[in-house]
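Chemist:
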Amino acid sequence: MAHRLQLRLLTWDVKDTLLRVRRPIGEEYATKAQAHGLEVEAAALGQAFRQVYKAQSHSFPNYGLSHGLTSRQWWLDVVLQTFHLAGIRDAQAVASIADQLYKDFSSPCTWQMLEGAEATLKGCRKRGLRLAVVSNFDRRLEDILVGFGLREHFDFVLTSEATGWPKPDPRIFREALRLAHVEPAVAAHIGDSYHCDYRGAQAVGMHSFLVIGPGPLDSEVKDSVPQEHILPSLPHLLPALDRLEGSPPGL
Numbered sequence: 000m001a002h003r004l005q006l007r008l009l010t011w012d013v014k015d016t017l018l019r020v021r022r023p024i025g026e027e028y029a030t031k032a033q034a035h036g037l038e039v040e041a042a043a044l045g046q047a048f049r050q051v052y053k054a055q056s057h058s059f060p061n062y063g064l065s066h067g068l069t070s071r072q073w074w075l076d077v078v079l080q081t082f083h084l085a086g087i088r089d090a091q092a093v094a095s096i097a098d099q100l101y102k103d104f105s106s107p108c109t110w111q112m113l114e115g116a117e118a119t120l121k122g123c124r125k126r127g128l129r130l131a132v133v134s135n136f137d138r139r140l141e142d143i144l145v146g147f148g149l150r151e152h153f154d155f156v157l158t159s160e161a162t163g164w165p166k167p168d169p170r171i172f173r174e175a176l177r178l179a180h181v182e183p184a185v186a187a188h189i190g191d192s193y194h195c196d197y198r199g200a201q202a203v204g205m206h207s208f209l210v211i212g213p214g215p216l217d218s219e220v221k222d223s224v225p226q227e228h229i230l231p232s233l234p235h236l237l238p239a240l241d242r243l244e245g246s247p248p249g250l
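Residue numbering for the sequence shown follows numbering that gives the first Met the number 0, beginning at 0 and increasing consecutively.
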């Protein structure tokens, strides 16, 4: 008779899993610009940000650490380029906006908790599970979690900036397993990215759950992620854990 699986560790992504930005990036940038006397359309800033962020992440991955940048320099450059692409050429004025945005995104005021996040974390702790963060975030994450009262739920927080390994690099998941002194077979990861979270954790032998948004499922996700691994919202996690732990290992 197969032994019942008993999970010991849950690792968590944060952005768009536990917390999300309170307002669209374009709106946030436009509001800060207005406070500094600059009028820029939020839609133009939002579109510019998406282009700049993608290019910056490609040219200087993981906050440019291997190129000698700090995450703060990386983000300030993203803001400067975003405003430049949106038509604002006054670099000195934008520098003040960039500095303010960096500070604002360090505090809970710019973020909001996803529905059921705290109750789900408390429910997991009540089951005796150890919890940890594995996130492609920068050094501000600890303070943000503290500000929301969530840091106390986690044994440790691993960011890609601190470790030098962004998900889906297996080393960041293995480091979490090492710190928790557990084998991958008794650990599971929860996140919203199919490639970085779901597939990244599975690649090291961990179980995995994918948090999805309200929109239609991507065809790749629909074809390759079992329904029992999909979380329409965080309160679905505890029943999903019940199903997983009631299954024979490997299922």
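We treat Cβ as the ideally placed atom computed from N, Cα and C, and that holds for glycine.
Note that the structure is predicted; figures quoted are calculated from it, not measured.
Classify ARG129 as buried or exposed, calling it buried when 16 or more other Cβ atoms lie within 10 Å of its own Cβ.
Modeler: Its Cβ being crowded by 16 or more others within 10 Å, ARG129 is buried.
Chemist: Could you check what DSSP says for ARG19 in three-state terms: helix, strand or coil?
Modeler: strand
Chemist: Please state whether DSSP places THR69 in a helix, a strand or coil.
Modeler: coil
Chemist: For TYR254 and VAL220, I'd like the C-alpha separation in whole angstroms.
Modeler: Nothing in the structure corresponds to residue 254, since the chain is present only between 0 and 250.
Chemist: Just to confirm before moving on: does the CB-CB distance between SER218 and HIS188 stay below 8 Å?
Modeler: no
Chemist: What residue range is occupied by the uninterrupted beta strand (DSSP E) comprising ALA131?
Modeler: 129-134
Chemist: By the 10 Å Cβ neighbour count, where 16 or more other Cβ atoms means buried, how is CYS108 classified, buried or exposed?
Modeler: exposed
Chemist: Put LEU230 into one of helix, strand or coil per three-state DSSP.
Modeler: strand
Chemist: Please say whether ALA131 and LEU8 have beta carbons closer to each other than 8 Å?
Modeler: yes
Chemist: Given ASP137, which residues of its chain have a CB within under 7 Å of its CB, disregarding the five upstream and five downstream residues?
Modeler: TYR62, SER70, THR158, GLU160
Chemist: Near THR10, what residues of its chain come up, given a Cβ to Cβ distance below 6 Å and the 5 sequence neighbours on each side ignored?
Modeler: ALA131, VAL133, ALA175, HIS188
Chemist: Excluding five sequence neighbours on each side, which residues of the same chain lie with their C-beta closer than 8 Å to the C-beta of MET0?
Modeler: Note on MET0: pLDDT 40, under 50, position unreliable in the model; the coordinate value appears next. Excluding residues within five positions, none has a Cβ falling inside 8 Å.
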